[in-house]
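Quick note on numbering: the sequence shown equals residues 29 to 248 in our numbering.
Note that beta-carbon positions come from the ideal geometry of N, C-alpha and C, so glycine has one too.
If you're wondering where the values come from, they're calculated on a predicted model, not measured in any experiment.
Below is one structure, written out as structure tokens, with a few remarks after it.
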Amino acid sequence: MTDPVAKILNQQLFGGDPFRSEPQHSPQFIDEGWASYPEVLDTVIDTLKPRMIIEVGVWLGQSTFNMLERALIHDPATSIICIDTWLGSPEHWLNNEWKLQLRLKEGRPDIYSLFVDNVRAKGYGDHILPMSMTSLQAAKLLTELEISADLIYLDGAHDKEEVLSDIEKYWPFLPVGGCMIGDDYCDPWPGVVEAVHEFKKDREDLEFVHSRDKFVFYKK
Numbered sequence: 029m030t031d032p033v034a035k036i037l038n039q040q041l042f043g044g045d046p047f048r049s050e051p052q053h054s055p056q057f058i059d060e061g062w063a064s065y066p067e068v069l070d071t072v073i074d075t076l077k078p079r080m081i082i083e084v085g086v087w088l089g090q091s092t093f094n095m096l097e098r099a100l101i102h103d104p105a106t107s108i109i110c111i112d113t114w115l116g117s118p119e120h121w122l123n124n125e126w127k128l129q130l131r132l133k134e135g136r137p138d139i140y141s142l143f144v145d146n147v148r149a150k151g152y153g154d155h156i157l158p159m160s161m162t163s164l165q166a167a168k169l170l171t172e173l174e175i176s177a178d179l180i181y182l183d184g185a186h187d188k189e190e191v192l193s194d195i196e197k198y199w200p201f202l203p204v205g206g207c208m209i210g211d212d213y214c215d216p217w218p219g220v221v222e223a224v225h226e227f228k229k230d231r232e233d234l235e236f237v238h239s240r241d242k243f244v245f246y247k248k
């Protein structure tokens, strides 16, 4: 079987497995975060049978694992590129209840280590490439690596400017027939709605579908 692209890129970028842990370490899966409604994701994955998925906005990996487990049914070499700063969003810092989820340690969120342990606990290290950086930085690096993706899932920023930037920056990674899905396309997040409408206006290279709180773009 061909190695997943994520395993090859982990070797190229990190010199090995970034999820490798000491023998005495027993990672515990933390069931926390946004697993996302799986229906539209399952449907798209069953149709596209993606070998490469890009996810922008990861947190502890609930959506990551949902997508990967579904995709592995169809292709045992599926990879997911996980892009996140793992530093939280403005909403986390401004909401006292949400701020607790940052697990601040010496003034810095301690989230990435929990994501890594979740990957270890699931045993998916060969299928996941972690990119701990901004979505803009990651897009530049992935362009240099000549990456393309069958499915792109956006669940990072929520203000219009950043959401629109993510859509514009990651749209070129999709081949014709690929799909981009974005979360929080709903009234509580008007910035997401505005960005989607601005991007799709007068475009003829996409088909737009609204599924619950998701926007779906099929590339034509």
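Could you check where the alpha helix (DSSP H) with P218 kicks off and where it finishes? In the sequence shown, counting from the first residue as 1, residue 218 sits at position 190. Note, P218: alpha helix (DSSP H), P218 to K228.
Considering only residues of the same chain and omitting the five flanking positions on each side of L234, which have a CB-CB separation below 8 Å? Here the question's residue 234 lines up with position 206 in the sequence shown. Excluding residues within five positions, the ones whose Cβ falls inside 8 Å are K228, F245, Y246, K247 and K248.
Secondary structure of F236, DSSP reduced to three states: Mapped onto the sequence shown, residue 236 falls at position 208. Looking at F236 - three-state DSSP - the assignment turns out to be strand.
I need the DSSP call for D112, collapsed to helix, strand or coil. On the sequence shown, residue 112 is found 84 positions in, with the first residue counted as 1. D112 falls in the strand class under three-state DSSP.
Using only CA atoms, which one of V220, R231 and D31 lies nearest to F243? As a position in the sequence shown, residue 243 is number 215, starting the count at 1. Closest option to F243, Cα to Cα, is V220.
Quick check: what's the CA-CA separation for D183 versus V224? For the purposes of this step, residue 183 is taken as the residue at position 155 of the sequence shown. For the purposes of this step, residue 224 is taken as the residue at position 196 of the sequence shown. One C-alpha to the other measures close to 13 Å.
When you compare each of S141, Q90, I109 and D230 to R79 by their alpha carbons, which one comes out closest? Position 51 of the sequence shown holds residue 79. Among S141, Q90, I109 and D230, the Cα nearest to that of R79 is on I109.
In this structure, how does DSSP classify P118 when only helix, strand and coil are distinguished? Numbered from its first residue, the sequence shown carries residue 118 at position 90. Correct three-state label for P118: helix.
Residues near K188 in its chain [Cβ-Cβ closer than 7 Å; skip 5 each side]: Locating residue 188 in the sequence shown gives position 160, counting from the first residue. Result list for K188: G219, E222 and A223, in chain order.
Residue interval of the beta strand (DSSP E) (run including M95): Numbered from 1 along the sequence shown, position 67 holds the residue referred to as residue 95. No beta strand (DSSP E) holds M95; the alpha helix (DSSP H) holding it covers Q90 to H102.
Buried or exposed for S163, please, with buried defined as at least 16 other CB atoms from any protein chain shown within 10 angstroms of its CB. Stepping through the sequence shown from its first residue, residue 163 is reached at position 135. Buried is the call here.
Taking the alpha helix (DSSP H) that K168 belongs to, which residues open and close that run? On the sequence shown, position 140 is the one that residue 168 refers to. That run of the alpha helix (DSSP H) goes S163 to E172.
Out of L173, P118 and R98, which has the shortest C-alpha to C-alpha gap to V33? Here residue 33 refers to the residue found at position 5 when the sequence shown is read from its first residue. The residue with the shortest Cα to Cα distance from V33 is L173.
Mind the definition here: the stretch 48-55 touches the stretch 146-162 only if three or more C-beta pairs lie below 8 Å; say whether that holds. yes
Quick check: what's the CA-CA separation for K77 versus S54? Within the sequence shown, numbered from 1, the residue matching residue 77 stands at position 49. Within the sequence shown, numbered from 1, the residue matching residue 54 stands at position 26. Taking the straight line joining both Cα atoms gives about 32 Å.
Cα separation between V144 and M159? In the sequence shown, the residue the question calls residue 144 occupies position 116. In the sequence shown, the residue the question calls residue 159 occupies position 131. Spanning the two alpha carbons is a distance of roughly 12 Å.
Going straight from the alpha carbon of Y181 to that of D215, what length do you get? For the purposes of this step, residue 181 is taken as residue 153 along the sequence shown, with counting starting at 1. For the purposes of this step, residue 215 is taken as residue 187 along the sequence shown, with counting starting at 1. In a straight line, the C-alpha of Y181 is about 20 Å away from that of D215.
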